[in-house]
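Protein sequence lines, in the order shown, are assigned to chains W and E. Every letter in the first sequence is one number past the one before it in this note's numbering, and letter 252, counting from 1, is 252. Every letter in the second sequence is one number past the one before it in this note's numbering, and letter 4, counting from 1, is 4. A short write-up of the structure that comes next.
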Amino acid sequence: MFEARLVSSGTLKKVLDAIKDLLNEASFDCSDTGIQLQAMDSSHVSLVSLSLRADGFDKYRCDRNLTMGMNLASMTKILKCANNDDTVTVKAQDDADCVTFVFESKKQEKISDYEMKLMNLDQEHLGIPETDFSCVIHMPSGEFSRICRDLSQFGESVIISCTKEGVRFSSSGDIGSANIKLAQTNNIDKEEETVSIDLQEPVTLTFACQYLNSFTKATPLSNRVSLSMSANVPLVVEYEIPDLGHIRYYLAPKIEE
Amino acid sequence: TSTQGRLDGFFKVL
Numbered sequence: 001m002f003e004a005r006l007v008s009s010g011t012l013k014k015v016l017d018a019i020k021d022l023l024n025e026a027s028f029d030c031s032d033t034g035i036q037l038q039a040m041d042s043s044h045v046s047l048v049s050l051s052l053r054a055d056g057f058d059k060y061r062c063d064r065n066l067t068m069g070m071n072l073a074s075m076t077k078i079l080k081c082a083n084n085d086d087t088v089t090v091k092a093q094d095d096a097d098c099v100t101f102v103f104e105s106k107k108q109e110k111i112s113d114y115e116m117k118l119m120n121l122d123q124e125h126l127g128i129p130e131t132d133f134s135c136v137i138h139m140p141s142g143e144f145s146r147i148c149r150d151l152s153q154f155g156e157s158v159i160i161s162c163t164k165e166g167v168r169f170s171s172s173g174d175i176g177s178a179n180i181k182l183a184q185t186n187n188i189d190k191e192e193e194t195v196s197i198d199l200q201e202p203v204t205l206t207f208a209c210q211y212l213n214s215f216t217k218a219t220p221l222s223n224r225v226s227l228s229m230s231a232n233v234p235l236v237v238e239y240e241i242p243d244l245g246h247i248r249y250y251l252a253p254k255i256e257e
Numbered sequence: 001t002s003t004q005g006r007l008d009g010f011f012k013v014l
């Protein structure tokens, strides 16, 4: 038996919004420690790694490890049927071929359940090596989202250049060019608004705007984001989901010809 | 000009 309950359906909706741009379907691996999802997009340019801890749920039970392959468009249809403040319970029997979503309104006057067929997805599990990054940037997630959106008007790529002075995001194309520089801040009063850089050595890498914009769909999950970069390895964009887990996106850099 | 890299090769298949 698997059962996981969240007081707010809105949280699950946000998690789904954060992955459905990149993935059409995904396997949710459930164990007694929580729910994990790891999948590359179809072009093998980006990877999504989601972790939701068992103790982050209001109720969590997983008697046997279970992999639930879900079509994310179908899951989206079902979650649209929930109000954000409904409680959601995800249930499945061991070896089940379907999963049930139960939505309960605040006052319990409305209880609805939706059953969805599970898919057998032939997904490989990947070992992600531990990397000592040359630089790690922590910044407000809304600011990162804004920068990605603004720069994608100019070109298909963003160059991220990190030095001890700060981080520069640049893009150029037919209409011209754009540069956004962020300096490190030392505003302890508003910790949420700070930009901080842990730098071992300067790094400059180029990434596709399209993927960065997809990653920023996780912005409603967290008001902070971190960008970890080293030369010639994938960028890691991480959003901590408060009291529940994290979502990490890996993106292969563009290669100069 | 630049080409899009892929993730294959960065991660080990378990």
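Each residue gets a CB set at the ideal place from its N, CA and C atoms; glycine is no exception.
Got a sec: is the Cβ-Cβ distance from residue i to anything in chain E below 9 Å?
i         : result
Gly-173/W : no
Glu-124/W : yes
Tyr-250/W : yes
Ala-54/W  : no
Val-233/W : yes
Ile-137/W : no
Lys-254/W : yes
Ile-128/W : yes
Glu-257/W : yes
Tell me the DSSP secondary structure of residue i in three-state form.
i         : result
Thr-3/E   : strand
Ala-252/W : coil
Gly-245/W : strand
Glu-143/W : helix
Asp-41/W  : coil
Gly-56/W  : helix
Leu-14/E  : coil
Gly-34/W  : strand
Arg-61/W  : strand
Glu-257/W : coil
Taking only beta-carbon atoms, is residue i less than 9 Å away from chain A?
i         : result
Ile-160/W : Going by chain labels, chain A is absent from the structure shown, which instead holds the protein chains W and E.
- Taking only runs of the alpha helix (DSSP H) that begin and end inside the region 66-135 of chain W, which ones reach a length of at least 4 residues, in chain order? 72-79, all fully within the region 66-135 of chain W.
- Item | Sequence ranges, alpha helix (DSSP H) only - wholly within the region 147-232 of chain W, length at least 4 | 209-215
- Touching or not, the region 130-143 of chain W and the region 80-88 of chain W, by the rule of three or more beta carbon pairs under 8 Å? Judged by pairs of C-beta atoms under 8 Å, the region 130-143 of chain W does not touch the region 80-88 of chain W, as fewer than three such pairs exist.
- Touch test, the region 43-63 of chain W against the region 244-254 of chain W, Cβ-Cβ under 8 Å, three pairs minimum: yes
- Task: Anything in the region 147-162 of chain W with a Cβ closer than 9 Å to a Cβ of chain E? List those residues in chain order, please.
- Result: Ser-157
- Query: Fully enclosed by the region 5-31 of chain W, which beta strand (DSSP E) runs are 3 residues long or longer?
  - Reply: 25-31
- Query: Would the region 196-212 of chain W and the region 228-246 of chain W be scored as touching if the rule is three or more Cβ pairs under 8 Å?
  - Reply: yes
- Is it a yes or a no for the region 52-61 of chain W touching the region 94-106 of chain W, going by three-plus beta-carbon pairs under 8 Å? No, the region 52-61 of chain W is not in contact with the region 94-106 of chain W.
- Message: Check whether the region 97-115 of chain W and the region 142-150 of chain W are in contact - that is, three or more C-beta pairs closer than 8 Å.
- Response: With the cut-off at 8 Å, the region 97-115 of chain W and the region 142-150 of chain W do not touch.
- Task: Evaluate contact between the region 60-79 of chain W and the region 24-34 of chain W, counting only Cβ atoms and requiring at least three cross-stretch pairs below 8 Å.
- Result: When Cβ pairs closer than 8 Å are counted between the two stretches, the region 60-79 of chain W is seen to touch the region 24-34 of chain W, the count reaching three or more.
- Residues in the region 26-50 of chain W with C-beta within 8 Å of chain E's C-beta atoms, listed in sequence order? Met-40, Ser-43, His-44, Val-45, Ser-46, Leu-47
- Message: Short of 7 Å Cβ to Cβ, which residues in the region 195-207 of chain W face chain E?
- Response: Thr-206
- Item | Segment contact, 8 Å Cβ cut-off, at least three pairs: the region 169-187 of chain W with the region 124-132 of chain W | No contact exists between the region 169-187 of chain W and the region 124-132 of chain W.
- Message: Assess contact between the region 78-85 of chain W and the region 4-15 of chain W, defined as three or more Cβ pairs (one per stretch) separated by less than 8 Å. Is contact present?
- Response: yes
- Query: Would you call the region 2-10 of chain E and the region 65-79 of chain W touching, i.e. three or more CB-CB distances under 8 Å?
  - Reply: Contact fails: fewer than three Cβ-Cβ distances are below 8 Å.
- Query: Looking at C-beta atoms only, is the number of pairs between the region 209-220 of chain W and the region 179-194 of chain W that lie closer than 8 Å three or more?
  - Reply: no
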